[in-house]
Structure formats: structure tokens, C-alpha cells
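There are 2 protein chains.
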Amino acid sequence: MDGDLAAAQNCSSCPIRHRAVCARCDDDELVRLNEIKFYKSYAAGQTIAMRGDALDVVASVVAGTATLERVIEDGRTQMVGLLLPSDFIGRPGRGTLQYDVTAVSDVTLCCFQRKPFESLLVEIPAVQQRLLEMALDELDAARDWMLLLGRKTAREKIASLLMLIAKRTMHPDGKVMGDITRIELPISRETMANFLGLTIETVSRQFTGLRKDGVIDLDGNRIVRIPDLEGLLFESGDDGDGGTLF
Amino acid sequence: MDGDLAAAQNCSSCPIRHRAVCARCDDDELVRLNEIKFYKSYAAGQTIAMRGDALDVVASVVAGTATLERVIEDGRTQMVGLLLPSDFIGRPGRGTLQYDVTAVSDVTLCCFQRKPFESLLVEIPAVQQRLLEMALDELDAARDWMLLLGRKTAREKIASLLMLIAKRTMHPDGKVMGDITRIELPISRETMANFLGLTIETVSRQFTGLRKDGVIDLDGNRIVRIPDLEGLLFESGDDGDGGTLF
DNA sequence: AATCTGCTTTGATGCAGATCAAGAGGATTG
DNA sequence: CAATCCTCTTGATCTGCATCAAAGCAGATT
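In the order they appear, the protein sequences are chains A and B. Take the first sequence: its position 201, counted from the start at 1, is 201 in this note's numbering, and no numbers get skipped. Take the second sequence: its position 3, counted from the start at 1, is 3 in this note's numbering, and no numbers get skipped.
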């Protein structure tokens, strides 16, 4: 990993204080973490780390969006995770990275050397507990995504992605924020295609299809308005009860 | 959940003693777990639990094979996990099940009431630590599977599945066991199809295709012989370095 | 304003895998 | 041993998405 050093920041005013691995820590424990943390920043488009890299740093995303991708030699690419603020990169007990990590917007990370972090993990159960909770949430999300990749049609995939982003717009942390019927896509057509297991052409065609059928409304190519959220949910093929998809 | 009570068993002679959630426990801790554990058995084909069910029991698979599935109303089904001996069912801190769990062979579970188990989790860090490790392994496996579902061809999918089973036959716990070139498929064509995001017809056709090309050799429809493991690996589209797939 | 460059849309065509349909074993049962 | 189920295979056809190709569009560069 490389990148510019960002200005040191106080944990108590940290935007991800209550959602990241440190969420359950008390003030004393926070001090311990604070001692070994350091920040790094990456510009949009920059590679943060590559599959196979030695992984002697773990980190939390403080700001920005990054992707986790698996790539086959011939270039086929599948996104396997979307990293938003508070998400964790790396895993204790493993020395090599399994995926390519790329910044899609400007990204700031709160980093820890892996070894000292692993020691803290043993000493501070609150971190381990939170990490388990986060891992299980991600596992559920990954499994929901498996259903999408394995069994949904292109139209359902696009609708599901829009629902996912809409839900995030609604409650990035539980509370409604902004207009739900108007969402801004944080990723390009290509990133969407790699996320959904489609080609960019198919993604584009499905957008026009949904627009022509009045399910969505496009304003430029990054702004989507949703006149009927129920209708979009119907198109997504989800029943709406359980699956949270991130 | 329901099922017959199996004969009580001693932890020290338990076949999954060193791989399950209890792997890191010392004898004293094992006694604590032993106090609250109980066994349940399910016949092949039986439903163990359904999506939405109240989940007041968590369990380890002691023997047999079970599947984790997500189903869309119209019947489309995607397997999201294959549960083999030592794998864990349920998650601490959540009251409802997210998937359908089905026994594909006769299954024996080592069960714990969720609430007491959650208490033990806090008191015995060894269990929490092991659970985190297992969750992260499953997350890696799920992400590898996302690449397969989103970007691999039918032939690559079948080859990948065979490699997965072959690797498991090789080292269910690290050591070689039995002949690698001869594997027995633990699941039906339909289960494979639901695992791989294909139809049974396509699964069948790919098997004949691989057979005709000399990559594999079929003996009945549950026994596969692999003359050239490297060749199969090549067909799977994996480079062989990182991805472990379970 | 003109050219470039990256992203997106649209069109034409091809093909992998789905669907529909019909056997072919192999096990169980009367 | 025929009859009934299953599961699996094979064949014929269809279709949704990929592929190949070209054009539109907006922001950056000069």
C-alpha cells in the first residue's frame, strides 16, 4: 500500500466511531487503538492493494468508496464487495490479500499494522466481538448477492442494485436522509456491470428499458429518480421481507 | 427445528472436536459447552429449518451434509452454502434465519440454545475467536463463489465444483486421505445446478462434455475419476494460486 | 471553437445456456 | 417380472445476454 499521509484525527470526532471495528470500545480501549493507528489517502481510481500482496496492514474505510474485486487472467472481473465508510479491509491471521482493492472515489483509511492489531484483538474483546458481527453481516450480504448473480435476470439485477442504493440513501445509519425518489449512482456503468455479472452494454440497455417502462427516470447518467419504489421492488424479484443486501 | 434425539456423545471422542467452534477450547471450557449441548438428527431430504423461522438454537454439523439455500417465489433456487461436518449453523445476535437449511444426507447436529451459547461466547474467548475465523473463511468462500456465479462458463463452473470436492477429499483436515483421482459426488445433479446457477440439463451436458474430452471419467453418476488433476484445474479457469473455495 | 478522450447509448448479429420434450437406466414395489 | 418412480441423459429449439461495431455526448485540452 502507498498513499499520502492524512492529518491525524481524534477518534472521538471520527465519523465512523460508532460503526467501525472500534464501535464497542470504551475510552481507554480507544486510546490503545489510537496509539497504533495512522491514516492513508488514495485518489479516485487508484489501486489500494492487489491480490497476492503481503498484507501487513489492516484498515477501516473512513471516507470514500472502494471496491473488492476478483479477476480472471483473461480479464473477466467480478466485484465481490463494496467498501463504504466503516467497512474493514484485511483479516487478522492471514498474511496475503485475496482480492484487488481499488478506490472508486477519493478514499481515506484508518490503518493498523496487522501484528499489533492482532495482539489488541486478544486484549480487547470488544474489537473481536464487533469484527465478528461485521463479518457475519458481510457474509449475509455476500450470500444475498449469490442469489442475484446465480438466478436473477439482467433487469432484476439492475432493479436490485437500484433498490440497494436507494435503501442506503434512506438509512446509511438508520435514519432517513434526503429524497429517496432521487438517488445518485456512486459508480460507473462498468463498475455496475462487474458488480452484477453483466456487460456495460446490457447494463445500459436495461436502464433504457426501465426508463421506457416508466419504472425509473434518468437525469444525466448518474441521477436516477424513482417515481414508484414499490414498482422497482417488484422488478427486483425480491419479496421485500428479509434480504437486506448490505 | 425437530428431529430425533441422538445418543449423547463425549466431546473428547467427537469427530469434529478440532475443527468446529470448540476447536480452541481447553478441557474446562469443553465441560461448560458439554453441559448445554444436545444432539439432533435429520433424515436425508428433510428440512432442518426454513427462512424466517425463529432461530433460538445454533448448532454444529457433526455428521452428514446440509445445504443453505435462498429461494425466489417462482421457484428459482440458489444454494448459498454447503454445510459439512464442523460447519456452524446460525449466528449469535440474530433471532431469525435467513436461509432454508436442508439435509441432503442423514445429518447429526450438536445443538446449543442460542441465549446460553451467547453468554458462553462472552465468557470463553476461544469460542468467539474460532467463530470469527470460521466466519472469515466462509466469507472468502462466498466471494470466490461470486466470481464463479457471475463470470464463469458452465464448463468452468462444473470443473471448479469438481476441484472443490477433490480438494476436500484430499485434505478434509490437512492430510491426504484416499485416492484423489476418484471422488464421490455427495450431491445430486439438481443440487449441483442450484449450487452453480445452472439447470440440471446443462450440468448433465457439461459432465458428458468433460468425459468426451477425456478430462474426467464417469463411473455411474456419482463416481468421478480424474486422470489429470492439472487438466481439470485448467478447465476450472482458476490459476491455482490463491482461491481456496471452501 | 475545435479536437481529443473517456463514458455511454444504440444497433446488428451470434451463441451459450435455458426451455421443452422424450427417452434411458436403476431402484423400489406389488 | 412387470409396473411405477426417480434421477439422469440426450435431442431440438428458443432466447437473453454477449459480442462486435459505430455513433452520441460531455468535460478537458489547446
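C-beta atoms are modelled at their ideal positions from N, C-alpha and C, and glycine is treated no differently.
Taking the continuous alpha helix (DSSP H) assigned at A126 of chain B, which residues delimit it?
-> 125-151
Going by beta carbon distance, what residues of the same chain come within less than 7 Å of S86 of chain A, once the five residues before and after it are set aside?
-> I16, R19, A20, S60, V61
Can you grab the Cα-Cα spacing for the pair L218 of chain A / T199 of chain A, in whole Å?
-> Cα to Cα, L218 of chain A sits roughly 20 Å from T199 of chain A.
Taking only beta-carbon atoms, is R315 of chain B less than 9 Å away from chain A?
-> Within the shown structure, residues of chain B are numbered from 1 to 246, placing residue 315 of chain B beyond reach of any answer.
Could you check how far apart the C-beta atoms of M79 of chain A and N194 of chain A are, in whole angstroms? I think they sit under 8 Å.
-> 5 Å
Which chain B residues sit within Cβ distance under 8 Å of L55 of chain A?
-> Going along chain B, no residue has its Cβ under 8 Å from L55 of chain A, so there is no contact; the nearest lies around 12 Å.
Contact between the stretch 32-46 of chain B and the stretch 134-150 of chain B: three or more CB pairs below 8 Å?
-> no
Residues from the stretch 101-134 of chain A in contact with chain B, defined by Cβ distance under 9 Å = L121, V122, P125, Q128, Q129, L131, L132, E133
Classification of G174 of chain A by the beta-carbon crowding that lies within 10 angstroms, buried from 16 upward = Because the pLDDT of G174 of chain A is 49, which lies under 50, any placement of that residue in the model is unreliable, and the number read from its coordinates should be weighed accordingly. When all chains shown are included, G174 of chain A counts as exposed.
Selected residue, minimal CA-CA separation from T182 of chain A, among A:D137, A:L210, A:D228 = Note that residue 182 of chain A is Arg in the sequence shown here, rather than Thr. When each option's Cα is compared against that of R182 of chain A, the closest is A:D228.
With DSSP collapsed to three states, give me the class of R205 of chain B.
-> helix
List the residues of chain B that Q46 of chain A touches, going by C-beta distances under 9 Å, in chain order.
-> Going along chain B, no residue has its Cβ under 9 Å from Q46 of chain A, so there is no contact; the nearest lies around 22 Å.
Cβ atoms of A154 of chain B and S236 of chain B: under 9 Å apart, would you say?
-> Contact flag unset, no.
Based on the DSSP output, what are the partners of E69 of chain A in its beta bridges?
-> A:M79, A:D100
To the nearest whole angstrom, what separates the beta carbons of M255 of chain B and F207 of chain B, a pair I think is in contact under 8 Å?
-> In the structure as shown, chain B starts at 1 and stops at 246, and residue 255 of chain B therefore has no counterpart that could be examined.
Look at V104 of chain B and I187 of chain B and say whether their C-beta atoms are less than 9 Å apart.
-> Closer than 9 Å, so yes.
Per-residue DSSP class, three states only, for R32 of chain B | Helix, per DSSP.
Anything in the stretch 224-240 of chain B with a Cβ closer than 7 Å to a Cβ of chain A? List those residues in chain order, please.
-> G237, D239
Positions along the stretch 181-194 of chain A whose CB lies within less than 7 Å of some CB in chain B = none
Neighbour flag for K152 of chain A against chain B, beta carbons, 9 Å = yes
Neighbouring residues, chain A, relative to I165 of chain B (Cβ below 8 Å) | Residues of chain A passing the Cβ test: none, with the nearest at roughly 19 Å.
Taking C-beta pairs closer than 9 Å, name the residues in chain A that V58 of chain B reaches, listed in chain order.
-> Within chain A, no residue comes near V58 of chain B; the closest Cβ sits about 12 Å away, beyond 9 Å.
Terminal residues of the continuous alpha helix (DSSP H) containing A193 of chain B?
-> 189-196
DSSP state of F234 of chain B, grouped into three classes?
-> helix
CB of V57 of chain A to nearest heavy atom of the ligand ADP: below 8 Å?
-> For the structure depicted, the ligand ADP is absent and the ligand set is empty, with no information on it obtainable.
State yes or no: is the beta carbon of D26 of chain A nearer than 9 Å to at least one beta carbon in chain B?
-> no
Taking T121 of chain B as the reference, which of B:R32, B:G52, B:I226, B:G45 has the closest Cα?
-> Inspection of the sequence shows that residue 121 of chain B is occupied by Leu rather than by Thr. It is B:R32 whose Cα lies nearest to the Cα of L121 of chain B.
Going by Cα to Cα distance, which pick from B:K157, B:Q113, B:T202, B:A166 is closest to I36 of chain B?
-> For I36 of chain B, the closest C-alpha among the options B:K157, B:Q113, B:T202, B:A166 is that of B:Q113.
Candidates B:E184, B:E118, B:C14, B:L136: closest to A63 of chain B by CA position = B:C14
Report yes if the C-beta distance between D53 of chain A and L109 of chain A is below 9 Å; otherwise report no.
-> no
Determine the chain A residues that contact E305 of chain B at a beta-carbon separation under 8 Å, and present them in chain order.
-> Because chain B is modelled from 1 through 246, residue 305 of chain B falls outside the range shown and cannot be assessed.
For T169 of chain B, does the three-state DSSP call read helix, strand or coil?
-> helix
Does DSSP classify V58 of chain B as helix, strand or coil?
-> strand
Does the distance from the C-beta atom of M163 of chain B to that of L232 of chain B stay below 9 Å?
-> yes
Would you tell me roughly how many angstroms separate the C-alpha atoms of V107 of chain B and M146 of chain B, rounded to the nearest one?
-> 27 Å
Could you tell me which of A:D239, A:Q9, A:D28 sits nearest to V127 of chain A, measuring between CA atoms?
-> Closest by alpha carbon: A:D28.
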